[in-house]
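J.: The structure's right below; bear with me while I get my questions together.
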Amino acid sequence: MSPASSGPSARGLLPDELRGWVAAAGAPAYRAEQIFRWLHAHGVESTAEMANVPPALREALEAAHPLRPLALDVVQTARDGTRKLRWKTHDGRAIESVLIPDTDAERDKLTLCVSSQVGCAIDCQFCATATLGFGRHLGADEIVEQITRATAIAGRRPTNLVFMGMGEPLHNFDQLTRALALLEHPWGAAFSPRRITVSTAGLVSGIDKLAALSPAPNLAISLNATTDEVRDRIMPINRRWPIAALLDAARRFPLSHGRRVTFEYVLLAGVNDTDADADRLVRLLRDIPSKVNLIPWNGFPIQTDGGPVYRFQRPPAERIRTFQERVRASGMAIYIRSPRGDDIDAACGQLAARPDSDLATIRPWTPTPS
Ligand code: SAH
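698 is the number that our numbering gives to position 56 of the sequence shown; each next residue is one higher, with no gaps.
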């Protein structure tokens, strides 16, 4: 069967869909669980690796639902131990995932930052991914495979998954929710939704749909401004769903005991980092169980006719500290997210799947000085 006439990847099929295919193929029902386990618990790259599945059934599966695995293109390791994985999709697109070990070894946390789209359509002015424009949505299989393959590379399952890589996950809602169902299924990696965070630039319709999942994953909102005037300018999506509408959606989001909405706030010098911003932030979030992650802007130049230009600047360390203290004085939980992997462009907002020519800048791995 030619790829053109074949269906979606077997890795994107939900257990019921796999059961249906197995039954139609005339095979016993337990084969569905075996196949699902190979794909999602073991993360195999090809059907040939499914040792206890008869070759004829494997071949039929490959013909009907070819796996089209991601090809691991480049692994870069930062000085702080963060690893950026660049993948090539079957149609030659580049996407990235980032493995972020916790610097506090006691907590033994390993966070995986996952991409949901090739490029992004949202056009936030401070984000490197936006400069790529929108390529396409990732399939659930391509989302899930970033996790199974990163698990193999790390030698352990990540403790936390964050949809904070390339793309806007709520713009790709159907494949996102399919991927969540696959990741959470007990036959597979069995992630708890409490360990999964979906981050959005503020698609209110998507937040409401996410809220209807039960159980819902954690929600993070990239707020990044305290007035509509500024947010309109740096995040065009604010013209569709302004701050008040966005925060109403956050208030509607179901929070079980002890859970909070995370607000990300990229600090841009002279744009959103004043004392007045800090005070407005407190007023805006006062009645929402929340915590704030301040992200000092991770810079990247854009190319202009006059040469490379930085559109923004990171505020001085002193300003960042003062902003945090001012908000914290209100009793609100607010943390500075230190840039992880910024020497390999793996930090927030730096994922832009650069062409090979830029990779000469990779630094060899050296242990982080203690
Ligand atoms: N589209 C989703 C998922 C991406 S998450 C969202 O916007 O939430 C990426 C996070 O990094 C967002 O909180 C975004 O505001 C932040 N970010 C983007 N560009 C950045 C940059 N250059 N420096 C620091 N943070 C950035």
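By construction, the Cβ of each residue, glycine as well, lies at the ideal position given by its N, Cα and C atoms. Bear in mind the structure is a predicted one, so any value in this text is a computation, not a measurement.
Under 9 angstroms, Cβ to Cβ, is there at least one residue of chain C near Asn935?
T.: Reference to chain C is not applicable here, since this structure consists of a single protein chain.
J.: Taking only three categories from DSSP, how would you classify Tyr672?
T.: helix
J.: Take Leu889 as the anchor and find which of Gly844, Ala918, Ala792 has the nearest alpha-carbon.
T.: Gly844
J.: Which word fits His1014, buried or exposed, when buried means at least 16 other C-beta atoms lie within 10 angstroms of its C-beta?
T.: Outside the displayed span of the chain (643 to 1012) sits residue 1014, for which this structure offers no information.
J.: Is the beta carbon of Arg820 sitting closer than 9 angstroms to the one on Ala782?
T.: Contact check for Arg820 against Ala782 passes: the beta carbons are separated by less than 9 angstroms.
J.: Drop a sphere of 10 angstroms on the beta-carbon of Ala994, count the other beta-carbons inside from all chains shown, and report buried for 16 or more, exposed for fewer.
T.: buried
J.: Say the cut is 8 angstroms; is the CB of Gln992 nearer than that to a heavy atom of the ligand SAH?
T.: Checking the Cβ of Gln992 against the ligand SAH gives yes.
J.: Specify whether the segment 669-682 and the segment 730-747 touch according to this definition: at least 3 beta carbon pairs, one from each stretch, less than 8 angstroms apart.
T.: no
J.: Is Glu748 helix, strand or coil by DSSP?
T.: coil
J.: Just to check, is the beta-carbon of Ala671 closer than 8 angstroms to a non-hydrogen atom of the ligand SAH?
T.: no
J.: Got a sec: does the ligand SAH put a non-hydrogen atom nearer than 8 angstroms to the Cβ of Ser739?
T.: no
J.: Pro800 and Leu752 - do their beta-carbons sit closer together than 9 angstroms?
T.: yes
J.: Taking the alpha-carbon of Thr731 as reference, which of Leu712, Arg721, Gln955, Pro670 has the nearest alpha-carbon?
T.: Per the Cα distances, Leu712.
J.: Is any non-hydrogen atom of the ligand SAH found closer than 8 angstroms to the C-beta of Ser841, if you look at the structure I gave you?
T.: yes
J.: Determine the DSSP secondary structure at His779, reduced to helix, strand or coil.
T.: strand
J.: May I ask which residues mark the beginning and end of the alpha helix (DSSP H) holding Leu888?
T.: 885-894
J.: Report back the beta-carbon spacing between Phe965 and Leu936 to the nearest angstrom; my notes put them in contact at under 8 angstroms.
T.: 7 angstroms
J.: Using C-beta distances below 6 angstroms, list every residue in its chain close to Ala683, excluding the 5 sequence neighbours before and after it, in chain order.
T.: Gly830
J.: What is the DSSP secondary structure of Ala720, counted as helix, strand or coil?
T.: coil
J.: If you count every other CB in all the chains shown that lies within 10 Å of the CB of Glu691, and 16 or more means buried, which is it?
T.: Flag for Glu691 reads exposed.
J.: By Cβ distance below 6 angstroms, which residues in the same chain neighbour Ile976 in space, the five residues on each side in sequence not counted?
T.: Val934, Gln966, Val969, Arg970
J.: Do the segment 947-959 and the segment 923-934 meet, that is, are 3 or more Cβ pairs less than 8 angstroms apart?
T.: Three or more beta-carbon pairs separated by less than 8 angstroms are not found between the segment 947-959 and the segment 923-934, which leaves the two stretches without contact.
J.: Hey, how far is the Cα of Val903 from the Cα of Leu923?
T.: 14 angstroms
J.: Look up Asp870 in the DSSP assignment and say whether it is helix, strand or coil.
T.: helix
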